[in-house]
């Protein structure tokens with residue numbers, strides 16, 4: 158077939174293929190965040206957020222003596238690592254109140270920007286315009302008042318979750334400032350609720366962050382919900398059990414240590430100089446077949462291995 162004939166045949170084949178239509182629109186996926194939530198999850202979490210907002214609004218009314226209006230500003234999925242890196246940069250300064258559950262330890266936290274924390278202290282003093290922490294640092298008295306206010310917010314959150322059948326949520330006794338407030342900080346899946354409270358010229362921003370396992374039943378989420386510390390404990394248990402059970406291990410040797418052609422030319426009685434000491438015999442297999450056996454040795458004061466066992470040679 159000539160080149161012209163081949164080109165004509167290819168053009169004829171292309172003519173039989175229908176032209177491609179426009180590319181379908183696809184949703185952009187950001188793999189820096191979890192993707193556990195479904196549409197049903199979003200609906201359930203919006204209902205939960207509205208319930209929490211109601212309890213927080215009532216709490217602020219009681220704390221300040223002023224009528225606040227609390228709204229839900231957003232619900233987000235997060236990785237703990239993502240938030241941890243943000244906090245480690247200390248931008249912007251935040252106060253945190255860790256939340257816990259019996260038998261689980263830390264399960265989340267309440268986050269208050271410094272500006273919100275200062276206004277909240279002023280509201281507690283019935284003076285929202287008071288200049289609290291003007292120099293970016295609160296006094297011990299102001300932080301004590303803030304701790305009481307944050308505890309009230311935590312109790313409001315606990316009431317909201319209690320109405321959904323979530324186990325008792327407790328709070329830490331102290332606030333954490335400019336530091337990561339909980340033990341987990343890796344790839345744990347988190348759910349973040351953002352709230353905004355407004356009263357005349359006063360605006361407060363409150364964020365609640367909890368682990369997905371807390372809202373799993375509400376949001377119809379399936380596990381597992383492994384924590385980093387639990388994964389570490391699991392690996393420790395595996396290593397411990399390895400010492401109690403017989404096992405076979407196959408090791409891959411780097412070609413930088415010994416080239417394959419060099420290995421296949423070794424004979425009984427050869428001595429191979431090593432850069433480290435071996436204490437047990439080594440069986441070397443190539444493609445699953447025994448190639449040679451080496452024994453610990455020394456040569457001119459250097460670590461070495463002695464090739465032995467002629468019957469293991471493959472011809």
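Residue numbers (the numbering used here): 158 to 472. Beta carbons: idealized from backbone N, C-alpha and C, even for Gly.
Residue environment, residue i, which counts as buried when at least 16 other CB atoms sit within 10 Å
| i | result |
| --- | --- |
| residue 364 | buried |
| residue 261 | exposed |
| residue 198 | buried |
| residue 167 | exposed |
| residue 170 | exposed |
| residue 434 | exposed |
Rounded distance between the beta-carbons of residue j and residue i, thought under 8 Å
| i | j | result |
| --- | --- | --- |
| residue 352 | residue 230 | 6 Å |
| residue 290 | residue 308 | Contact flag wrong, Cβ pair sits at about 19 Å. |
| residue 114 | residue 369 | Within the shown structure, residues of the chain are numbered from 158 to 472, placing residue 114 beyond reach of any answer. |
| residue 232 | residue 350 | 6 Å |
| residue 462 | residue 442 | Incorrect: roughly 16 Å between the Cβ atoms, too far for contact. |
| residue 266 | residue 366 | 6 Å |
| residue 354 | residue 225 | 4 Å |
| residue 450 | residue 457 | Between residue 457 and residue 450 the Cβ distance is about 23 Å, and since that is not below 8 Å, they are no contact. |
Sequence-distant residues of the same chain with beta carbon closer than 7 Å to residue i, five excluded per side
| i | result |
| --- | --- |
| residue 220 | 280, 281, 306, 309 |
| residue 210 | 227, 228, 229, 352 |
| residue 321 | 205, 375 |
| residue 455 | 461 |
Residue interval of the beta strand (DSSP E) (run including residue i)
| i | result |
| --- | --- |
| residue 446 | 446-456 |
| residue 295 | No beta strand (DSSP E) holds residue 295; DSSP gives it neither H nor E. |
| residue 234 | 226-236 |
Neighbourhood of residue i by C-beta distance below 8 Å, restricted to the same chain and skipping five residues each side
| i | result |
| --- | --- |
| residue 437 | 453 |
Same chain, Cβ closer than 6 Å to residue i, five either side skipped, listed in chain order
| i | result |
| --- | --- |
| residue 304 | 332 |
| residue 246 | none |
| residue 201 | 375, 376 |
| residue 313 | 212, 213, 216 |
| residue 327 | 257 |
Extent of the continuous alpha helix (DSSP H) run through residue i
| i | result |
| --- | --- |
| residue 276 | 271-281 |
| residue 346 | Looking at the DSSP string, residue 346 is not in any alpha helix (DSSP H); the run it does join, the beta strand (DSSP E), is 346-356. |
| residue 209 | 196-221 |
Would you say the stretch 239-257 touches the stretch 326-336, given that touching needs at least three Cβ pairs under 8 Å?
yes
Does the count of Cβ pairs from the stretch 206-221 and the stretch 159-172 closer than 8 Å reach three?
no
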